[in-house]
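Worksheet for the structure shown next.
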Amino acid sequence: MLTLQRRHLVGHDILLARHGNHICSMRLDRSAGRVIALLDDGSVDSAPNLISPNLQLPDTMQSVLRNDWKFLATMSACVAGLAAAMIVAAISLAGLSADPALAQLMTTYPAY
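Just so we're aligned: 785 in our numbering is position 58 of the sequence shown, and the numbers increase by one with no gaps anywhere.
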């Protein structure tokens with residue numbers, strides 16, 4: 728079952744265990760797969776973010792959007808294009824009829 732949740736960063740735990748309250752800030756270096764911490768004394772320490780390189784982490788909303796943005800953008804464009812084509816077709820069919828009552832019948836939807 729796919730659940731989207733915030734990833735727990737292993738590097739944060741490692742750095743907290745090493746330095747405790749002496750950490751000023753931490754940031755994630757995605758390209759290197761490491762968490763980098765700035766310490767009170769101005770020094771920098773880093774820790775790996777993964778326990779194992781083959782570990783499959785759970786998906787998050789950001790990871791899904793980052794990996795599938797081209798597919799989602801293509802599908803959104805297709806749906807928008809189809810909706811626009813249907814609207815244009817309905818308007819053109821309404822304009823083709825000479826009878827105003829028929830045009831009104833084609834453009835209004837009865838409420839049931």
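Backbone N, C-alpha and C fix where the C-beta goes; we use that ideal spot for every residue, glycine too. If you're wondering where the values come from, they're calculated on a predicted model, not measured in any experiment.
Residue i - DSSP class collapsed to helix/strand/coil
| i | result |
| --- | --- |
| Ala810 | helix |
| Ile763 | strand |
| Ser819 | helix |
| Ile741 | helix |
| Asp772 | strand |
| Ser803 | helix |
| Leu736 | coil |
| Asn794 | helix |
| Leu777 | coil |
| Gln783 | coil |
Distance CB(residue i)-CB(residue j) smaller than 7 Å
| i | j | result |
| --- | --- | --- |
| Cys751 | Leu765 | yes |
| Gly738 | Val762 | yes |
| Leu820 | Asn776 | no |
Cβ distance (whole Å) where residue i is taken to contact residue j below 8 Å
| i | j | result |
| --- | --- | --- |
| Asp772 | Arg745 | 7 Å |
In DSSP terms, what residue i is bridged to
| i | result |
| --- | --- |
| Ser758 | Its beta-bridge partners do not exist; DSSP assigns none. |
| Met753 | Ala764 |
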